[in-house]
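In full-length UniProt numbering, the protein residues as written are 1 to 302.
Okay, here's the thing in structure tokens:
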């Protein structure tokens, strides 16, 4: 099973990044997920993906007209809800918490989206929503308390200054030891390359996990030599990224040194999806052992 932790289908072009082309809809995402992608010589697809609205579409409240508070939250989450309901076998909901829509509104929404709609993850985007994670404690504590209560995964946007430097999240991570925190983008974005911070945090803190996408290829080899095997999760940040290149980033681990580290395919499968499957209660699957088995799986999934 391959599970992508970061995808952003939308019915309108991202309002922050203003990507070229037509909106990257849920249907376009699923077509891309179907690949096939070649991994260790075998054709594969991305079986499931966590989806959420593009972050830029969660902040520009002027596009909401007269909407505010909870109405604004439901408006920016509407297309994600539509796609999760339409493709429940492929897409898993990730709620985006924006405290500027009101902390109480956001906490109530976390509970609703988890209990009523089956969402499994909550994203925090401190840079887009403009708050310091180590200072905005009255905004974060109620939301993280609710995530702990409901057993939700928490994904943290990291890699941008001034508000998304990974170590800024350490106080909250330590305060909520039962919450599993995923360091999205491995600390790499437009603002800097902080990949050593998520790596060290995952080594030191039992509830920190690293999303593989955006990390440098040589660094992912270096880090996975010592990271606990359950700490690495595949994520592509699609769009703007294309998932195949980030699958390749992990496939390389099965190569011989110095480019790889002779990783076994069962551990690779953990990185690609089984690790996160265990975290949300899905049944894990072994990797296909040969070309014929991989082709039969693809044929059976259509």
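Cβ atoms here follow ideal geometry from the backbone N, Cα and C, with glycine treated the same way.
Counting pairs of beta carbons, one from the stretch 93-100 and one from the stretch 42-54, are three or more of them closer than 8 Å?
yes
Hey, residue 121 and residue 158 are a contact pair by Cβ (cut 8 Å); roughly how many whole angstroms apart?
Walking along the chain shown from the start, residue 121 turns up at place 121. Walking along the chain shown from the start, residue 158 turns up at place 158. Not quite, the Cβ-Cβ distance comes to about 15 Å (not below 8 Å), so this is no contact.
Spatial neighbours of residue 37 within its chain, please: CB distance less than 6 Å, with the 5 preceding and 5 following residues excluded, ordered by chain position.
As a working note, residue 37 is residue 37 in the chain shown. Same-chain partners within the cutoff: 44, 244 and 247.
Measuring CB to CB, does residue 1 end up less than 9 Å from residue 277?
Against the chain shown, residue 1 aligns to sequence position 1. Against the chain shown, residue 277 aligns to sequence position 277. Yes.
Taking the alpha carbon of residue 77 as the reference point, which residue from 59, 180 and 268 has its own alpha carbon closest?
Here residue 77 is taken as the residue at index 77 of the chain shown, counted from 1. When only C-alpha atoms are compared, the closest one is 59.
Is the beta carbon of residue 238 sitting closer than 9 Å to the one on residue 87?
Counting from 1 along the chain shown, the entry for residue 238 is found at position 238. Counting from 1 along the chain shown, the entry for residue 87 is found at position 87. Taking 9 Å as the Cβ cut-off, residue 238 and residue 87 do not qualify as a contacting pair.
Please name the residue in 181, 71 and 68 whose C-alpha comes closest to that of residue 124.
Residue 124 sits at position 124 when you count from the first residue of the chain shown. Nearest C-alpha to residue 124: 181.
Have a look at the DSSP bridge pairing and note the partners of residue 93.
To locate residue 93, count along the chain shown from 1; it is residue 93. DSSP, once it has assigned bridges, lists 51 as partnering residue 93.
Thinking C-alpha only, which one of 131, 154, 24 and 233 is nearest residue 119?
For the purposes of this step, residue 119 is identified with residue 119 of the chain shown, where counting begins at 1. Ranking 131, 154, 24 and 233 by Cα distance to residue 119 puts 154 first.
Exposure of residue 126, with buried meaning 16 or more beta-carbon neighbours within 10 Å
Translated into the one-based positions of the chain shown, residue 126 becomes position 126. It counts as buried.
How far does the beta strand (DSSP E) with residue 6 in it reach, from first residue to last?
Translated into positions along the chain shown, residue 6 becomes position 6. Unbroken beta strand (DSSP E) run through residue 6: 3-7.
Is the number of C-beta pairs between the stretch 188-201 and the stretch 137-155 that are closer than 8 Å three or more?
no
Can you round the beta-carbon distance between residue 25 and residue 40 to whole angstroms, since I take them to be within the 8 Å contact cut?
In the chain shown, residue 25 corresponds to position 25, counting from 1. In the chain shown, residue 40 corresponds to position 40, counting from 1. With 8 Å as the limit, residue 25 and residue 40 do not qualify as a contact, their Cβ atoms being about 31 Å apart.
Host alpha helix (DSSP H) of residue 79 (start-end):
As a first step, residue 79 is located in the chain shown; it is residue number 79 there, counting from the start. It spans 69-86 - the alpha helix (DSSP H) in which residue 79 sits, taken as one unbroken run.
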